[in-house]
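**Q** Protein chains in written order, with my numbering: chain B, 171 to 804; chain F, 41 to 395. Below is one structure. I have some questions about it.
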């Protein structure tokens, strides 16, 4: 058995280490260890602060999937204080959220994931003339995917961002890459395993097309977030307020944050999102994914085959609350549920709904620390986030020294990430999980499908037809996880058009309100309140739990997507989605585990998100400070 | 390493267009036309500078902001201006192979590469709250800084400490100048910094082969020389005493000054008012939210954010409007109180507020 370490795992947010135990004879990964290697303590920092400020702190959990923690935070505080936001604020938040989904997924595919599938060196072997021919063929072959997206606005005259299918276009990119390679300054392409045999799976023309789009989309991506800049003032880290949005609407005042001109800027950006997704992202994705599946690369499903979880998103109208209101009756994206055994076929899959009350139930969602660098009084038990405690307890590696690791100790503690569980069981989260829940829920008749659910079912059936495989075979794989993300970007763009129309219609009807300020002043709050803020981050289900006492935050806890997927083992032996997906992966070159890297990247890991600290025990905080404030370098 | 002019030539850019480019960027960088020959000379002689970009405790918002740059586009910076040899977020490679490459670059370009640092080192638990390759980030930071020509501190994390260093700072996170003492450090604060400020700093380093003029706190004067308040498009309303009293009121619709709902513009040095975000599209104040002061040291602990400032420090230079305010309310000691009085007199429609 060989033990292979990849640290740092790059092209992700934050810091991650993986260790693989490989059977050298078969080349298969037998077991894997996933370790979050940073910890910041933002929940501790939130304690004692004004709950109206919480979104700004929580938002800094992640700058890649920016805005999502702010959204979860304002929802949690509004849930606690029983604030219902105005219609316009709900539409605007949904458009900001949809824009995040489109941007984050597209940037992930091209800039954080593509180089696992395609190589700039292979692109040099391509014929630019043939690449142009291929581009046209692919648009022809997969272009119908654009028709899956409804457009209730219907105002775009023609697509402005159509891919250039000319030899000149592709030659320019090829020459650029050639000069970089010849200069010897490879920059971001340096030191990678370009000689891995998997880079020979695709024809050179596909490599050139994808690498050209990698560079092209680096420039286009900045336009996709424009709705957040207009409504939230900047990006990353746009602004929000508890009670709605601050971007007042006026069709009379020339200095109004939102007027017709500003709305036109947003509308144009949404169409750019739609075109970038429909004409670049999905076509490239289907072309690459199709070939990989045809070559038999259908591994990497891991935990998704056994159990997935989602929380639900896109409230159609503003809701009365989450923990005991009608949030889950309002959502258009019915991924709030758990599905088990999807890989055994849609008939055999088991579906369990999740509603607001489940998130307040101490037995449904819990976190464990048996294998994480924290201490619990009883480490065999899990704790609901409202009752969570955290006491950091760094124990070092199995081999090596405290500050110089060789190998981690999977039998002991080995990660800064805790282990969240649904009724004691590990679950995968993310676009793939959401797609499995909606597909199962609709096909088995558990939910009355919204237009969004119907769109998702149509998308899955479309891809199944292209791949000539049933969903339970292709979806729970590395390719399927990447495909679900691309398809969901299309849902994001469709939602933005839908909510843009609702925003226009509502303003037209005379309602310009964006904020409910009735409970802005702390004097109007109850002495004690508890809230839950749910959303679906690009990387998966996200929940914030808050307790407010005497106008201040008494406890603030986040259970985040990469904690679900990348967390350590639990005391019952359950492993998270990262570890499960690596197991059984065949490696062509043992010390260049590209297949595993591709599998891990298919989750779009976010480590800043997953490594944090929950509780409130003043003693431990003090200890850390005393210990840590020993001046090392002052 | 090839120069910019060589790169341009290789792309078939003629001399005329090359000079046009030089003229444009001279303008973008806020330099006078007399500087054009110097910019041209720089473009003709400077090679692509190797950059090592490392990440400590952070959220990657600085990298995300950087790739939103429109003038210049981030793709142009990364592919033609600099050679980004190590970057956690963008590098294709992973693991020990990438770490080895970083060490080779340090050796090969000793004294000639730029170190860009996003995030900061924790000192608690021997630095093991942030680990790269099984060792503390602190080690990688010191190792990479040693042979660097200059160090860029991206964002408020590297510059001041930022969110993880807010009270009670559980990991004992510190700004990088607490551990790197012997190198010039350019602080580019903001959470995140504005994209064009980031690429502008790199352009300056690359084109002029010098560190941009810095203020007493180590920030480039060309981007942090004014308070947001000084260049804010709502400043006229501040001067006139017209204030938003609470979110979504009539004043909010009219785009009046946000000072009373907690705006930190009067105490924050940054380019949000003039450069704005997304190539001039908007900035927080334009969207109706007060500035939270994200480029200022210790801003997380200067809250709560919606509490109006009780004092506005009046700098010695260029503070006419503030002085006017003080003069009007002759008896008031602080500018904040002064402006509150003015607004009460002038803004009759808004009855609720912080008075």
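Backbone N, C-alpha and C fix where the C-beta goes; we use that ideal spot for every residue, glycine too. On a predicted model such as this, the values are computed, not experimentally measured, just so you know.
Taking the beta carbon of residue 354 (chain B) as the centre, do at least 16 other beta carbons fall within 10 Å, making it buried, or is it exposed?
**A** For this step, residue 354 (chain B) is matched to residue 184 along the first chain. Exposed, by the Cβ-count rule.
**Q** According to DSSP, is residue 313 (chain B) part of a helix, a strand, or is it coil?
**A** On the first chain, position 143 is the one that residue 313 (chain B) refers to. Residue state, collapsed to three classes: helix.
**Q** Any chance you could list the beta strand (DSSP E) runs of at least 3 consecutive residues sitting entirely within the stretch 600 to 670 of chain B, in chain order?
**A** As far as the stretch 600 to 670 of chain B is concerned, it has no whole beta strand (DSSP E) run of at least 3 residues.
**Q** Under 8 Å between C-beta atoms, does residue 638 (chain B) make it to chain F?
**A** Residue mapping note: residue 638 (chain B) aligns to position 468 of the first chain, counting from 1. No, residue 638 (chain B) lies away from the interface with chain F (no Cβ there is under 8 Å from its Cβ).
**Q** Any Cβ of chain F within less than 8 Å of the Cβ of residue 401 (chain B)?
**A** By one-based count along the first chain, residue 401 (chain B) stands at place 231. Yes, residue 401 (chain B) counts as interfacial toward chain F.
**Q** How about the stretch 754 to 761 of chain B and the stretch 193 to 213 of chain B: do they share at least three Cβ pairs that are nearer than 8 Å?
**A** The stretch 754 to 761 of chain B is in contact with the stretch 193 to 213 of chain B.
**Q** Within the 8 Å Cβ cut-off, does residue 353 (chain F) reach chain B?
**A** Here the question's residue 353 (chain F) lines up with position 313 in the second chain. Confidence in residue 353 (chain F) is poor, its pLDDT being 47 and thus under 50, which makes the residue's placement too unreliable to answer from.
**Q** In whole angstroms, give me the CA-to-CA distance for residue 230 (chain B) and residue 77 (chain F).
**A** Position 60 of the first chain, counted from the first residue, corresponds to residue 230 (chain B). Position 37 of the second chain, counted from the first residue, corresponds to residue 77 (chain F). One C-alpha to the other measures close to 43 Å.
**Q** Report the partner residues of residue 183 (chain B) according to the DSSP bridge assignment.
**A** On the first chain, position 13 is the one that residue 183 (chain B) refers to. In DSSP, residue 183 (chain B) forms a bridge with B:776.
**Q** Where do the N-terminal and C-terminal ends of the beta strand (DSSP E) with residue 92 (chain F) fall, by residue?
**A** Position 52 of the second chain, counted from the first residue, corresponds to residue 92 (chain F). Segment 89 to 95, the beta strand (DSSP E) holding residue 92 (chain F).
**Q** Given residue 775 (chain B), which residues of its chain have a CB within under 8 Å of its CB, disregarding the five upstream and five downstream residues?
**A** Taking the first chain and counting its residues from 1, one reaches residue 775 (chain B) at position 605. Here the set comprises 179, 182, 183, 184, 186, 709, 732, 735, 736, 748.
**Q** Which runs of the beta strand (DSSP E) at least 3 residues long sit entirely within the stretch 215 to 297 of chain F? Give them in chain order.
**A** Within the stretch 215 to 297 of chain F, the complete beta strand (DSSP E) runs of at least 3 residues are 225 to 228.
**Q** Check whether the Cβ of residue 317 (chain F) lies closer than 8 Å to any Cβ atom in chain B.
**A** Start at 1 with the first residue of the second chain, and residue 317 (chain F) comes out as number 277. For residue 317 (chain F), the answer is yes, since a Cβ of chain B falls inside 8 Å of its Cβ.
**Q** If contact is defined by three or more beta carbon pairs under 8 Å, each pair taking one atom from either stretch, is the stretch 322 to 335 of chain F in contact with the stretch 296 to 306 of chain F?
**A** Counting Cβ pairs under 8 Å, three or more are found: they touch.
**Q** If we call anything under 8 Å between Cβ atoms a contact, is residue 45 (chain F) one with residue 97 (chain F)?
**A** Counted from its first residue, the second chain places residue 45 (chain F) at position 5. Counted from its first residue, the second chain places residue 97 (chain F) at position 57. Result no, Cβ atoms of residue 45 (chain F) and residue 97 (chain F) do not sit closer than 8 Å.
**Q** State buried or exposed for residue 364 (chain F), treating a residue as buried only when at least 16 other CB atoms are found within 10 Å of its CB.
**A** In the second chain, residue 364 (chain F) corresponds to position 324, counting from 1. Unreliable positioning characterises residue 364 (chain F) in this predicted model, as indicated by a pLDDT of 36, which lies under 50. The coordinate reading is nonetheless provided below. It is exposed - the Cβ of residue 364 (chain F) has fewer than 16 other Cβ atoms within 10 Å.
**Q** Taking 8 Å as the CB-CB cut-off, is residue 365 (chain B) touching chain F?
**A** In the first chain, the residue the question calls residue 365 (chain B) occupies position 195. No, no contact with chain F.
**Q** Where does residue 339 (chain B) fall in DSSP's three states?
**A** As a first step, residue 339 (chain B) is located in the first chain; it is residue number 169 there, counting from the start. In this structure, residue 339 (chain B) counts as helix in the three-state DSSP scheme.
**Q** Under 8 Å between the Cβ atoms of residue 617 (chain B) and residue 221 (chain B)?
**A** The residue given as residue 617 (chain B) occupies position 447 in the first chain. The residue given as residue 221 (chain B) occupies position 51 in the first chain. No; because the gap between Cβ atoms is not below 8 Å, this pair is not in contact.
**Q** Just list the residues that DSSP pairs residue 170 (chain F) with in beta bridges.
**A** For this step, residue 170 (chain F) is matched to residue 130 along the second chain. For residue 170 (chain F), which the question treats as bridged, DSSP gives the partners B:208.
**Q** Does the stretch 453 to 460 of chain B come into contact with the stretch 662 to 679 of chain B, if we say contact requires no fewer than three beta-carbon pairs (one atom in each stretch) closer than 8 Å?
**A** No, because fewer than three Cβ pairs between the stretch 453 to 460 of chain B and the stretch 662 to 679 of chain B fall closer than 8 Å, the two stretches do not touch.
**Q** With 8 Å set as the bound, which would you pick, yes or no: does the beta-carbon of residue 254 (chain B) sit closer than that to a beta-carbon of chain F?
**A** Locating residue 254 (chain B) in the first chain gives position 84, where the first residue counts as 1. Closer than 8 Å: no.
**Q** Ignore the nearest five residues each way along the sequence and tell me which others in residue 606 (chain B)'s own chain have a CB closer than 6 Å to its CB.
**A** Along the first chain, read from residue 1 onward, the residue named residue 606 (chain B) stands at position 436. The answer, listed in chain order, is 478, 509, 512.
**Q** What runs of the beta strand (DSSP E), each 3 residues or longer, lie entirely inside the stretch 410 to 486 of chain B?
**A** List check, beta strand (DSSP E) in window: 477 to 480, 483 to 485.
**Q** Quick check: the Cα distance between residue 665 (chain B) and residue 378 (chain B), rounded to an integer number of angstroms?
**A** For the purposes of this step, residue 665 (chain B) is taken as the residue at position 495 of the first chain. For the purposes of this step, residue 378 (chain B) is taken as the residue at position 208 of the first chain. Whole-angstrom Cα-Cα distance: 32 Å.
**Q** Report yes or no: do three or more beta-carbon pairs, one from the stretch 415 to 434 of chain B and one from the stretch 306 to 315 of chain B, lie closer than 8 Å?
**A** Cβ pair count under 8 Å is below three, so no.
**Q** Straight-line CA distance for residue 170 (chain F) to residue 564 (chain B)?
**A** The count along the second chain starts at 1 and reaches residue 170 (chain F) at position 130. The count along the first chain starts at 1 and reaches residue 564 (chain B) at position 394. When rounded, the distance between both Cα atoms is 12 Å.
**Q** Taking the straight line between their C-alpha atoms, what separation do you get for residue 279 (chain B) and residue 461 (chain B)?
**A** Position 109 of the first chain, counting from 1, holds the residue named residue 279 (chain B). Position 291 of the first chain, counting from 1, holds the residue named residue 461 (chain B). Spanning the two alpha carbons is a distance of roughly 16 Å.
**Q** Flag residue 110 (chain F) as yes if its beta-carbon sits less than 8 Å from any beta-carbon of chain B, otherwise no.
**A** The residue labelled residue 110 (chain F) in the question sits at position 70 within the second chain. Yes, because at least one Cβ of chain B sits closer than 8 Å to the Cβ of residue 110 (chain F).
**Q** What number of angstroms, rounded off, separates the C-alpha of residue 653 (chain B) from the C-alpha of residue 627 (chain B)?
**A** By 1-based counting over the first chain, the position of residue 653 (chain B) is 483. By 1-based counting over the first chain, the position of residue 627 (chain B) is 457. Looking at the two C-alpha atoms, the distance is approximately 14 Å.
**Q** Which class does residue 354 (chain F) belong to by DSSP, given the choice of helix, strand or coil?
**A** Taking the first residue of the second chain as 1, we reach residue 354 (chain F) at position 314. For residue 354 (chain F), the pLDDT reaches just 40, beneath the cut-off of 50, and the residue's location in the model is therefore unreliable, although a value from the coordinates is still provided. If DSSP states are grouped into helix, strand and coil, residue 354 (chain F) belongs with coil.
**Q** When you compare only the Cα positions, how much space is there between residue 248 (chain B) and residue 229 (chain F)?
**A** Along the first chain, one-based indexing puts residue 248 (chain B) at 78. Along the second chain, one-based indexing puts residue 229 (chain F) at 189. One C-alpha to the other measures close to 31 Å.
**Q** Apart from the five residues just before and just after residue 259 (chain F), which ones in its own chain have a Cβ nearer than 6 Å to its Cβ?
**A** For this step, residue 259 (chain F) is matched to residue 219 along the second chain. Answer for residue 259 (chain F): 227, listed in chain order.
**Q** Examine the Cβ distances between the stretch 165 to 184 of chain F and the stretch 54 to 68 of chain F and report whether three or more of them are shorter than 8 Å.
**A** They do not touch, by the three-pair rule.
**Q** Is there a Cβ from chain B that is less than 8 Å from the Cβ of residue 65 (chain F)?
**A** Translated into the one-based positions of the second chain, residue 65 (chain F) becomes position 25. Taking Cβ atoms only, chain B never reaches closer than 8 Å to residue 65 (chain F), which makes this a no.
**Q** Would DSSP call residue 265 (chain B) helix, strand or coil?
**A** Translated into positions along the first chain, residue 265 (chain B) becomes position 95. DSSP places residue 265 (chain B) in helix when its eight states are reduced to three.
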